[in-house]
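Scroll down for the structure; my scribbles are underneath it.
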Amino acid sequence: MNGSEPALIEFREVDLAFGDHLVLGKLSFAVRRGEVVCMVGSSGSGKTTALRVASGLIRPTRGEVTFAGAPVRGPRRDVAIVFQDYSKALLPWRRAAGNVALALEAMGAPRAERRDRIAALLKRVGLAAFADKYPSQMSGGMQQRLQIARCLAQEPAALMMDEPFGALDEMTRQTLQDEMLDIARGTGATIFFVTHDLEEAIYLGDRVIGLKPHPGRVGVELAVDLPRPRNQVTTRESPEFLRLRHKLYDFIYASESGART
Amino acid sequence: MKAAKALVFPVVLIILAEIGARAGGPSDSVAPPSEIFATFLDALRDGSLLAATRDTLISAFAGLLVGAGLGLAVGLALGSIRTLDRLLELALELLRPVPSVAVIPIALVALGFGYSLEIAIVAVACFWPLLILSRAAVRGVEPRLIEVARALRLSPLQETLKIVAPAALPRIFVAFRLAAGVSLVVAVTVEIAVNPQGLGYEAMTAGQALRPALMLAYVAWIGVVGYALNVLLILAQHRLFGQAGRVEAAR
Numbered sequence: 000m001n002g003s004e005p006a007l008i009e010f011r012e013v014d015l016a017f018g019d020h021l022v023l024g025k026l027s028f029a030v031r032r033g034e035v036v037c038m039v040g041s042s043g044s045g046k047t048t049a050l051r052v053a054s055g056l057i058r059p060t061r062g063e064v065t066f067a068g069a070p071v072r073g074p075r076r077d078v079a080i081v082f083q084d085y086s087k088a089l090l091p092w093r094r095a096a097g098n099v100a101l102a103l104e105a106m107g108a109p110r111a112e113r114r115d116r117i118a119a120l121l122k123r124v125g126l127a128a129f130a131d132k133y134p135s136q137m138s139g140g141m142q143q144r145l146q147i148a149r150c151l152a153q154e155p156a157a158l159m160m161d162e163p164f165g166a167l168d169e170m171t172r173q174t175l176q177d178e179m180l181d182i183a184r185g186t187g188a189t190i191f192f193v194t195h196d197l198e199e200a201i202y203l204g205d206r207v208i209g210l211k212p213h214p215g216r217v218g219v220e221l222a223v224d225l226p227r228p229r230n231q232v233t234t235r236e237s238p239e240f241l242r243l244r245h246k247l248y249d250f251i252y253a254s255e256s257g258a259r260t
Numbered sequence: 000m001k002a003a004k005a006l007v008f009p010v011v012l013i014i015l016a017e018i019g020a021r022a023g024g025p026s027d028s029v030a031p032p033s034e035i036f037a038t039f040l041d042a043l044r045d046g047s048l049l050a051a052t053r054d055t056l057i058s059a060f061a062g063l064l065v066g067a068g069l070g071l072a073v074g075l076a077l078g079s080i081r082t083l084d085r086l087l088e089l090a091l092e093l094l095r096p097v098p099s100v101a102v103i104p105i106a107l108v109a110l111g112f113g114y115s116l117e118i119a120i121v122a123v124a125c126f127w128p129l130l131i132l133s134r135a136a137v138r139g140v141e142p143r144l145i146e147v148a149r150a151l152r153l154s155p156l157q158e159t160l161k162i163v164a165p166a167a168l169p170r171i172f173v174a175f176r177l178a179a180g181v182s183l184v185v186a187v188t189v190e191i192a193v194n195p196q197g198l199g200y201e202a203m204t205a206g207q208a209l210r211p212a213l214m215l216a217y218v219a220w221i222g223v224v225g226y227a228l229n230v231l232l233i234l235a236q237h238r239l240f241g242q243a244g245r246v247e248a249a250r
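Those sequence lines, one after another, are chains W and U.
Under numbering that gives the first Met the number 0, think of the first position of the first sequence as 0, with each following residue one higher.
Under numbering that gives the first Met the number 0, think of the first position of the second sequence as 0, with each following residue one higher.
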């Protein structure tokens, strides 16, 4: 990587073992400030584990993870995590506004400011009209938007996204991909995005890291030189997109057949 | 229409009881429903029924509050602190099978007759369901929500107040409803067994005085009180946990 730009998140030879089982082995990579880095890998390659380590939810067995130069010792309020299972990550007894308020309460935001900030955040994710709805009254896409709004309330320097759109239908997923890129540009937040969808990774990322499984380690790293703003039709049809897609598929196929033998 | 259908069976039963009791002639153990009802009205008018009801409910509610409160506190603590749970597990498992009424001899020696005896026994009986169910409710909180709490760096107090308690509350209220039913049963049992006050004692003495109509009036009234208590608590549950309750049911 380019030495002049400081890394916001950096993994240095990170091992992570659950008992005897080594999930991550000497995993090293870095995410620069303001970058969108997508991590892909076959299932069981440890990509979600890598995200949990980066977020401070789990401590590495060996090696070091740093955030803005300081070792990660636990979750931080300026790092927001968007979980895949949005319905479980929201408080079912609070309305949409209340769910966003949770983050503001955690941040200790002054009571007087909360109303306006909640309204602005809900508007930003397109839920302005749903402030009084409970999560159970919302569609999957709306619930995930709500979770993103709560994460944005943390005013995060980095967003950790764990297959956030994996459970959504294709149309909703594409809409949310574009909205998320918009939000990322608006806030300048660094994004670490884990997905098993290779096209999604290329479409969103400035860089794509492919993990080799058993144990999880970097197998391929691709710079995505596609112009922004990206477009669901033209970007996905461009020769560069197809070239990257081809390369990534070859890598995943090789790593999967390698894992089988 | 539905209500009318549901009433058919009890009404038929009452009529049969009336015919049966009259056919059998005077008895020391049964009485025709019409006589039971007349006796009930007498007891209501002279105040003895209401006084006994008050005594029983005071003991039942006080015991419920004390027992359920302690059970809830211990259950919440055990549910959230694993070490504490392991430390107390054996002691609690050994104590739990002791029936609450078996504590009567101890309580009688320590407290004598009266409210405190009955409250203590009811409290013991209500302690366990709250402990067991609130511990399970805390453990049953969605692990992802606990992670959200960690990700937001909520303090332990914030986590308990904003995440664990609201998530566990609907189930804890069900435990409370259960304990409320238990409290009435145990209060009446203690009155029948030893304590000279309340509905159980009145029913018992009426039986011993060979006044079956009065005895059965008390027994029926105990049933009515228990039913009313349960209906009230169910209404409260729907009011308090309407939304969360629906969510729980949908899972």
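All C-beta atoms, glycine included, are put in the ideal place defined by N, C-alpha and C.
Q | Stretch-stretch touch, CB-based, cutoff 8 Å, three pairs: the region 102 to 109 of chain U with the region 127 to 134 of chain U | A | no
**Q.** Bounding residues of the beta strand (DSSP E) (the contiguous stretch that carries ILE190 of chain W)
**A.** 189 to 193
Q. Which ranges would you report for the beta strand (DSSP E) in the region 183 to 251 of chain W if only whole runs of at least 3 residues count?
A. 189 to 193, 206 to 211 and 216 to 222
Q: Identify the contact partners of LEU144 of chain U in chain W, using a Cβ-Cβ distance below 8 Å as the criterion.
A: LYS87, ALA88 and LEU90
**Q.** Within chain W, the residues that LEU160 of chain U reaches when beta carbons sit closer than 7 Å
**A.** Per Cβ cutoff of 7 Å: no residues; LEU160 of chain U is ~10 Å from chain W at best.
Q) Can you pull the DSSP bridge partners for GLU63 of chain W? A) W:ARG11
Q) How would you list, in chain order, the residues of chain W whose beta-carbon sits under 7 Å from the beta-carbon of LEU153 of chain U? A) ALA105
Q | Contact under 8 Å by Cβ, MET160 of chain W with VAL124 of chain W | A | no
Q | Nearest neighbour of ALA37 of chain U, chosen from U:ARG210, U:ILE191 and U:LEU168 [CA to CA] | A | U:ARG210
(Q) Could you pull the DSSP bridge partners for CYS37 of chain W from this structure? (A) W:PHE192 and W:VAL207
Q | Pick from W:LEU225, W:ALA253, W:TYR252 and W:SER254 that is closest to ARG242 of chain W, judged by C-alpha positions | A | W:LEU225
Q) What distance in whole Å lies between the Cβ atoms of ARG76 of chain W and LEU151 of chain U, which are believed to be in contact at a cut-off of 8 Å? A) 7 Å
Q: Report the neighbours of VAL254 of chain U on chain W: residues whose CB is nearer than 7 Å to its CB, in chain order.
A: The shown model of chain U, from 0 to 250, leaves out residue 254 of chain U, and the question about it has no answer.
Q.
Using beta carbons (cut-off 8 Å, strictly below), is ARG25 of chain U in contact with chain W?
A. Sequence inspection shows Pro at residue 25 of chain U; the Arg mentioned does not correspond to that position. No, its Cβ sits nowhere closer than 8 Å to a Cβ of chain W.
Q: Assign VAL36 of chain W to buried or exposed, taking buried as 16 or more other Cβ atoms, counted over all protein chains shown, within 10 Å of its Cβ.
A: buried
Q) What does ALA102 of chain W touch in chain U if you count any residue whose Cβ is under 8 Å from its own? A) LEU151
Q. Where does PRO70 of chain W fall in DSSP's three states?
A. strand
Q) Is ALA157 of chain W near LEU50 of chain W, with beta carbons less than 8 Å apart? A) no
**Q.** Meets three-Cβ-pair contact criterion under 8 Å: the region 189 to 198 of chain U and the region 162 to 169 of chain U
**A.** no
Q. PHE17 of chain W by DSSP, collapsed to three states: which one?
A. strand
Q | Identity of the residues DSSP links to MET159 of chain W by a beta bridge | A | W:ILE80 and W:PHE191
Q | C-alpha gap between LEU247 of chain W and ARG149 of chain W, whole angstroms | A | 33 Å
(Q) Between VAL147 of chain U and chain W, is any beta-carbon pair separated by less than 8 Å? (A) yes
Q) Is ALA29 of chain W helix, strand or coil when you go by DSSP? A) strand
Q | Beta bridge counterpart(s) of ALA287 of chain U as assigned by DSSP | A | Since the first and last residues shown for chain U are 0 and 250, residue 287 of chain U lies out of range.
Q. Which partner residues of ALA6 of chain W appear in the DSSP bridge assignment?
A. W:ARG31
Q. Using 8 Å as the threshold, is the region 195 to 202 of chain W in touch with the region 9 to 17 of chain W, meaning 3 or more CB pairs across them?
A. no
Q: Could you tell me the distance, in whole angstroms, from the CA atom of ASP54 of chain U to the CA atom of ARG170 of chain U?
A: 30 Å
Q) Can you list the alpha helix (DSSP H) stretches of 4 or more residues lying completely in the region 3 to 61 of chain U, in chain order? A) 32 to 44
Q.
Please tell me whether LEU56 of chain W has its Cβ less than 8 Å away from any Cβ of chain U.
A. yes
Q) Taking just the CA atoms, how far does ARG229 of chain W sit from ARG94 of chain W? A) 34 Å
Q.
In whole angstroms, give me the CA-to-CA distance for PHE191 of chain W and SER42 of chain W.
A. 18 Å
(Q) Looking at the secondary structure, which residues open and close the alpha helix (DSSP H) in which TRP127 of chain U lies? (A) 114 to 138
Q.
Restricting to Cα atoms, I'd like to know which of U:LEU232, U:VAL187, U:LEU75 and U:ALA67 is closest to ARG134 of chain U.
A. U:LEU75
Q: Taking 8 Å as the cut-off, decide whether the C-beta atoms of ALA212 of chain U and CYS125 of chain U are in contact.
A: no
Q: Could you give the DSSP three-state label for VAL22 of chain W: helix, strand or coil?
A: strand
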